[in-house]
Amino acid sequence: MRKNNRIQTTGVYALLILVALVSIFPFLWMVSSSFKSDSNVFSATPSLFSDMLFRKDMFRNYQVVLKEFQFSRYILNSLFVSLSCAIGQVLVCSLAGFAFAKMKFRGKNFVFSFLLMTMMIPVQVTIIPEYFLMMSFGWIDSFLPLIVPSFLAGAFGTFMYKEFFEVVPQPLFDAGIIDGVGAFGMFSRIYFPLTASPTVTLFIIAFMNAWNGLLRPMLYISTDKLQTVTLALTAFQSQYDTQWNLLLAGSVISILPLLILFVFCQRYIIESAMGSGVKG
Amino acid sequence: MRRRKLCWHGPLTPWLFLLPTVIGLLVFRAIPVGAAFYLGFTRWSLLNNPVFIGLRNYKEAFASATFFKVVTNTVVFSLIYVVGVMVVSLAFALLINRKLKGINFFRAALYLPVITSAVAVGIVWNWILGPQYGILNIILTKLGITPPYWLGDPRLALLSVSVVQVWKMAGYYMILFLAGLQNMPHEVLEAATVDGAKPFQKFFHVTLPLLSPTTFFVLTVAIIDSFHNFELIYTMTKGGPQNATDTLVYDVYLNGFVNYRNGYASAVAFVLLIFVGVLTLMNFYIKKKWVTQG
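Shown next, in the form of C-alpha cells:
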C-alpha cells in the first residue's frame, strides 16, 4: 500500500513538473533571450543559455530599451493610469456595494441587474460611441479616456463589496445606529475599515486590467510621450520586428511590475478568483 | 410615519452613494449601447454626421463572404477556447487538488500566464511559433517533421491563436474548479471508495455531478471571456492571413478605426452584442437540464 502511494506521488510530481514547465517555459525563454545579443537570439541551435549573462554588459538590452526607447517613461504613464483606475474602482465600488447591501430604495434591483448585465458586454460593443463621446469631451490624447470609464462603473467590484458587506455581523450595524452615526459615517468609520481583503483584491484586479489594456490606449493616445507600456510594446513590435532581444527585454519590463505584485499578493489573487467561483 | 422610522437613512442617501456608478452606467454603458444600435442604421465616418440608411449595413454584412468568415471565425474561436479551457483547467485542478509539498508553487506557476498581458504573451508566442527561428519549428525539424507556418497559414492561424489563448487562461479556470473541488463533501467520495468505485467511475459518477454548479459558472464565464480576444489577435496576427483570425470583436475595430466605417462597425458591434446575449440566455436555459443543485 505504502509503496503504491509513493509511486503515485512520484507520478503526480512528474506530471506537475511537466505542466508547470509548459506554463513557465515561454517566460523562461523570454527572460533568457532578453539577455542575449542579437546574433545569439537567432542561433540555429537555440539554447536557454544567454551569451550576455554574467558579463559586464548583461543589462545592455534593458538599458537600451529603458533609455533609448523611453520605456521608463511608459512605465510611469502606465503606473499613473493603473493606480488611478484601481483607487477609483475601490472608492466607487465600495460606496455602491454598501448602498446595494445595506440600504432600501426603489429601483435597487433594476440598477443592480443592469450593472451585472454590463459585465457581459465586451468593450468593443460600445467603443465607437464611446470614442465619439471622448472626442466631444475633448479628451482624445489624454489619460482621461483610459481612467474615467473604469473609474466610474465597476460591476465586479460592486458585486464583491455587496456580498462582503451583507455578511458583516449585525451588532456592528446596530451599535452604529444607537450611536447615531449617519449613513456616510456608517460606511467610512464602521464598514469600510473592515474591507482589507476585498479592497486588496479589487485593487489588484483593477490595476492588472488597466495595466494590461490595449484597445483604449491604442485608440485614444497618439502622442508618443503619453503611451502606456502595452501600447509602446505593440508599436515597438511592428517597428523593430527583427530586434527580438530588445523586444523581449521590453516585454519583461512590461510584466515586471505585475510579477512583483503577484509574488507579494499571490494569496489574495488566487483566493479572490476562488471566492468568485464559490458563489456559483 | 412608521415606515420612515424603519429606514435608517434618508430617501436620497442611496443615490448619493450610487452617484458615480449611475453616471458611469449611463454615460459609458447605457447610452453607448443605445447609440451603437442607432448608428448601425447609418453611414458614418466620425468626421461627417451620421446619415440614416436603414438596414443597409446589416444587408451588406449578411451578404458578404468576409462577414460570414468573421462569424465563422468567432464561433470556431469560442468553441475551441471554451472546450479547451474547460477540459485543460479541470485536468489542472484535479492535478493540484492535493496536499503535497510545494503545491503552492505549482498553483502559482500555472496561474502565471493569467496575470501576464496578452501583448507580452502574444509577442513571446509569435516568436515561439515563428516560421524559421521559432523554437517549435526548430524542434519539429529535428524530429524530421516538416514544420508548418503556424500563423501564416490560413488553415492553422485561428487554431494557433485560440490554443495560445487557452494556454493563457487555463490557470484562471483551474482556480475556480479548485474552489469547487475543495468545497465538495468528502463523505460522498469516501463512501464511493468504500463501495469499491474505481477512480474513473468516481470521477464520472460522483465528482463531475457534484461539481456541476461550478462547471456551470465556469462555462458562463468562459463564454463571456471567449470574446475577449482582441489583444492577442492584434499582437499575433492582426486578423490575417486572409481574414483567417478576424473575429467579431476584432472586426469592430477594423471597420471602425482602420477603415473608418463607423456605421457598419456599429452594426457589427450589435451583432456581437446579440451573440453574447443569445449565448448567455441559452446557457441559463440549459442550466436547468444538467446542474444538479444550486
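Keeping their order, the protein sequence lines are chains A and B. Okay, so the first sequence: first residue is 1 according to this note's numbering, each after it adds one. Okay, so the second sequence: first residue is 1001 according to this note's numbering, each after it adds one. For every residue, glycine included, the Cβ atom is placed at its ideal position computed from N, Cα and C. It should be emphasised that the depicted structure is a prediction, and the values quoted were computed from it without experimental measurement.
- Excluding residues up to 5 positions away in sequence, F71 lie with their Cβ nearer than 6 Å to the Cβ of I253/A in the same chain.
- For the options V1085/B, V1071/B, L1100/B, Y1172/B, the alpha carbon positioned closest to that of G11/A is the one of L1100/B.
- Not a single C-beta of chain A is nearer than 9 Å to the C-beta of T1066/B.
- For a Cβ distance threshold of 7 Å, residue set A1120, I1123, V1124 of chain B lies close to S251/A, ordered along the chain.
- Assigned with DSSP and collapsed to three states, F105/A falls in coil, not helix or strand.
- The alpha-carbon of D38/A is positioned some 21 Å away from that of A232/A.
- Straight through space, the alpha carbons of T201/A and T118/A are spaced by roughly 20 Å.
- The closest CA to that of F105/A, considering only T1235/B, G1256/B, L1018/B, N1057/B, is found on L1018/B.
- Against chain B, the beta carbon of T230/A has neighbours under 7 Å at S1117, V1119, listed in chain order.
- In the three-state reduction of the DSSP assignment, T1245/B falls in the coil class, being assigned neither a helical nor a strand state.
- Linking G1239/B to V1252/B through their CA atoms gives a straight-line distance of about 11 Å.
- Note that the C-beta distance between I177/A and W1125/B is not below 9 Å.
- Close partners of W244/A in chain B (Cβ separation under 7 Å): W1127.
- Judged by DSSP secondary structure, F1092/B falls within the alpha helix (DSSP H) whose first and last residues are 1065 to 1096.
- Secondary structure at T1042/B: strand, using DSSP grouped into helix, strand and coil.
- I221/A is positioned such that its CB atom lies no closer than 9 Å to that of S272/A.
- Between T1245/B and T1237/B, the C-beta gap is smaller than 9 Å, which places the two residues in contact.
- Look at T1072/B: its C-beta is not under 9 Å from any C-beta on chain A.
- In this structure, Q227/A is the residue among L116/A, L258/A, S136/A, Q227/A with its C-alpha nearest to the C-alpha of F69/A.
- Under the DSSP assignment, M1282/B falls in the alpha helix (DSSP H) whose first and last residues are 1262 to 1290.
- Of the residues T195/A, C265/A, A155/A, T234/A, the one whose Cα lies closest to the Cα of M120/A is A155/A.
- Closer than 9 Å at the C-beta level to chain B, one finds these residues of the stretch 211 to 224 of chain A: W211, N212, G213, L214, L215, M218, L219.
- Taking all protein chains shown into account, Y1285/B has fewer than 16 neighbouring C-beta atoms within 10 Å of its C-beta and is therefore exposed.
- Setting aside the 5 residues that flank it on each side, L1055/B is surrounded in the same chain by F1041, each with a C-beta closer than 8 Å to its C-beta; the list follows chain order.
- Look at the beta carbons and you see the stretch 1067 to 1080 of chain B touching the stretch 1156 to 1163 of chain B: at least three pairs across the two are nearer than 8 Å.
- Among the residues of chain A, those whose CB is under 8 Å from the CB of V1022/B are V111, following chain order.
- Taking 9 Å as the threshold, the shortest C-beta distance from Y1285/B to chain A does not fall below it.
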